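Taking it in order: structure first as structure tokens, then the write-up.
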Amino acid sequence: MRITEILESYVLAALAEAEQAGELPPAGAVEVVIERPKEADNGDFSTNAALRLARVMRMSPLDIANKIAETIGQKLELESVSAAAPGFVNFTLSPAWLQSQIPEVLRQPETYGNLMIGAGEKVQVEFVSVNPTGPLHVGHARGGVIGSTIANVIEAAGYDVTREYYVNDGGNQMRVFNETLYARYMQAAGHDVPLPEGAYEGEYLTEYAEGLLESEGDRFVAMDRDEATAGMAAIALQDTLKMIREDVALLGIEYDVWYSEKSMLENGKFEQTIALMEDLGQIVDRDGARWLKGQDGDDQDNVVIRSGGGGPTYFGTDIAYHHDKFKEREFSKVIDVWGADHHGHVDRLKAAMGGLDINPDRLTIILNQIVSFKEGDVAKRFSKRKGVMVTLRELVNEVGADACRYTFLSRSAEAQMEFDIELAASRSMDNPVYYVQYAHARISSMLRSAAEQGVDSSDADLSLLTHAAELALIHQIIDLPEVIALSAERTEATQLPYYAYELARAFSTFYEHCRVLSENEEDLPVSKARLQLIDATRIGLARTLKLMGMSAPEKM
RNA sequence: GCCUCCGUAGCUCAGUUGGAUAGAGCGACUGACUUCUAAUCAGUAGGUCACAGGUUCGAGUCCUGUCGGGGGUACCA
């Protein structure tokens with residue numbers, strides 16, 4: 251059990267006990283929140299339960315806090331529990347209990363911090379899901395980093411996670427892309443074929459078409475236009491998906507499932523979903539198109555199938571896709587990570603789920619805001635339309651995958667961010683990324699030295715760890731499960747880089763004050779205890795870096 | 001116009017769901033290297049939390065309005 255859960259149970263038990271003894275009025279259904287005070291003087295943890303209960307109990311919060319503290323009394327985990335004005339209950343952990351946590355960490359080097367709060371529930375995280383019309387650019391990198399990290403965290407919290415990429419290979423954009431490709435191919439072969447309306451003008455597509463002419467020859471030239479376009483499209487789709495797969499892999503991202511939009515059109519899933527919506531009275535026919543009836547909180551109808559045989563819209567297939575997620579594949583929760591430009595789609599899709607008798611709360615949509623870039627003091631604007639596009643690949647080459655991930659994660663998803671390429675790329679102490687990794691490398695180096703000296707720390711006496719820096723470091727290590735619980739509960743990843751930094755800092759402070767290895771025989775007992783401490787620290791750092799999708803270097 | 005996100009130190013950003021004296025990194029300034037890795041450590045300065053009201057024991061956090069910035073407002077995705 252996490253320490254905050256233990257403390258929470260103590261408070262609840264104390265309230266019940268005091269009520270039983272007639273010393274406090276009934277607390278009713280109270281939510282006890284355990285938090286970490288900012289001021290060290292206020293203990294390791296605190297709760298404001300008494301402040302919240304003051305009104306219900308019609309008592310002074312300080313009196314309630316005193317009664318709670320008194321009733322809790324002596325506990326194994328606690329050095330002290332006391333009340334403080336205006337009505338907090340403050341907890342200080344006991345050194346003995348802190349020391350006893352080190353073997354717990356060492357016992358689970360690969361899984362420390364993992365929780366079972368998810369109880370194996372099936373959760374799907376869908377992210378990036380860019381239509382396969384070209385290389386990924388920097389904007390997609392942010393969604394990829396956030397999505398993959400949230401998937402990692404939720405998995406660590408005990409959920410059964412599926413990471414999925416939705417391939418929009420069936421829509422209008424795809425048609426335009428394919429027609430552009432056809433035109434470029436024909437142009438490369440010396441035929442004057444005009445670009446379609448709204449064509450993909452990027453240079454990469456021209457180059458790709460030229461490459462296609464080279465590898466496939468001019469066999470498409472003689473073909474009927476539709477046949478040639480379809481033939482090229484099939485090849486381009488495979489190539490583009492391969493490229494996207496390689497792009498995300500540069501950031502350490504792998505998917506369990508690549509789900510094709512087109513497959514739902516071919517296997518009838520889309521039609522079945524439409525039929526179901528008809529049965530449920532959700533479809534309205536008007537102006538030759540088919541609309542999803544406006545739901546509560548959504549004051550207008552939205553087109554599902556275009557008029558004039560134009561086929562389904564993106565919205566239409568997305569309804570079928572999400573119906574499949576919830577009803578066919580039975581995910582109890584679905585998390586979608588989208589770019590902020592999809593904002594308008596959120597309420598629509600949730601409304602559609604409601605119309606299909608799926609609780610919209612089971613669908614969590616994380617919108618990540620736009621990323622702007624600067625290099626030093628120079629703001630850089632990237633625009634896909636103008637063709638001034640920086641690809642994910644270029645970004646990773648420039649700043650490195652680890653720094654890229656850390657920088658994206660340390661900004662909350664819904665905030666716009668400015669990415670300082672120069673800072674992220676600097677391999678110096680200016681960059682918190684390397685501060686964290688350096689701590690891991692330094693510990694690894696010390697453990698190597700200890701091994702070379704033949705020190706076996708397995709029989710260490712951990713009660714020798716009494717220095718303030720040592721206890722503070724243990725405190726920081728045991729915070730990892732709390733960070734995972736909170737991040738999973740709130741489906742956010744921002745806590746992780748900050749936690750990693752704090753852990754690295756606690757280690758650096760310890761390192762400054764406490765010598766680990768020593769030539770002197772008489773230092774050996776302390777040395778052994780500290781070796782166990784730094785090994786536990788290493789595990790905590792490695793686990794956190796792993797969750798963030800970053801490497802934990804043993805040398806730097 | 002309407003919807004929505006954002007506005008916190010010179011810069012880039014956190015802020016554990018309403019708690020105690022608002023934090024970190026960078027930058028600036030002062031000090032510490034015969035080192036278990038100085039990619040480090042100790043310290044100083046820097047704030048009207050955009051602005052104005054409101055809610056209450058208590059607001060950076062919740063409500064209303066104003067200003068400024070981003071995104072959306074397609075039978076695109």
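Residue numbers (the working numbering): 251 to 806. All residues carry an ideal CB built from backbone N, CA and C; glycine is no exception. Owing to the predicted nature of the structure, the values given are computational and were not obtained by experimental measurement.
Taking C-alpha positions only, residue 323 is separated from residue 329 by approximately 10 Å.
In this structure, 733 is the residue among 767, 771 and 733 with its C-alpha nearest to the C-alpha of residue 254. Looking only at 345, 291 and 334, the smallest Cα-Cα distance to residue 720 is reached by 345.
Short of 7 Å from the beta carbon of residue 411, and not among the five residues preceding or following it, lie these beta carbons of its own chain, in chain order: 373, 375, 401, 404 and 405. Counting the other Cβ atoms within 10 Å of the Cβ of residue 263 gives fewer than 16, which makes it exposed.
The Cβ-Cβ distance between residue 386 and residue 641 falls below 8 Å. Under the three-pair Cβ rule at 8 Å, the segment 439-458 does not count as touching the segment 506-515. Contact between the segment 556-574 and the segment 352-364 is absent, with fewer than three C-beta pairs closer than 8 Å.
Under the three-state reduction of DSSP, residue 676 is assigned to coil, being neither helix nor strand.
About 5 Å separates the beta carbon of residue 723 from that of residue 760, a gap short enough to meet the 8 Å contact definition. Residue burial annotation: residue 666 is exposed, with fewer than 16 other C-beta atoms found within 10 angstroms of its C-beta. In this structure, residue 791 sits near residue 686, with a CB-CB distance shorter than 8 Å. Closest by C-alpha distance to residue 463, out of 432, 480 and 474, is 432. Residue 742 and residue 663 have their alpha carbons spaced roughly 8 Å apart.
Pairwise C-beta distances place the segment 380-400 in contact with the segment 415-428, as three or more of them are shorter than 8 Å.
DSSP, reduced to helix, strand and coil, places residue 667 within a strand of the structure shown.
At least 8 Å separates the beta-carbon of residue 334 from that of residue 314. For residue 501, there is no enclosing beta strand (DSSP E), as DSSP marks it with neither H nor E.
Our two residues, residue 342 and residue 615, have alpha carbons roughly 39 Å apart in a direct line. In chain order, 671, 674 and 675 place their CB closer than 7 Å to the CB of residue 649, counting only its own chain and leaving out the 5 sequence neighbours on each side. Judged by their CB atoms, residue 363 and residue 803 are not nearer to each other than the 8 Å cut-off. Under the three-state reduction of DSSP output, residue 613 falls in the strand class. In its chain, beyond the 5 residues on either side, 610 and 613 have a beta carbon closer than 7 Å to the beta carbon of residue 600. Assigned with DSSP and collapsed to three states, residue 684 falls in helix. By the CB criterion at 8 Å, residue 395 and residue 793 fall outside the cutoff.
By the beta-carbon neighbour count (other beta carbons within 10 angstroms, threshold 16), residue 800 is buried. Non-local C-beta neighbours of residue 728 in its own chain, meaning closer than 6 Å and more than five positions away in sequence, comprise 351, ordered along the chain.
In the three-state reduction of the DSSP assignment, residue 342 falls in the strand class, which pools E and B.
The Cβ-Cβ distance between residue 750 and residue 795 falls below 8 Å. In the three-state scheme derived from DSSP, where H, G and I count as helix and E and B as strand, residue 331 is classed as strand.
For residue 311, the number of other beta carbons within 10 angstroms of its own is at least 16, and it is reported as buried. The beta carbons of residue 518 and residue 538 sit no closer together than 8 Å. For residue 758, no beta strand (DSSP E) encloses it; the enclosing alpha helix (DSSP H) starts and ends at 745-763. In the structure shown, the three-state DSSP call for residue 589 is strand. In the structure shown, residue 317 falls within a helical segment according to DSSP collapsed to helix, strand and coil. Counting only the Cα atoms, residue 409 lies some 20 Å from residue 574.
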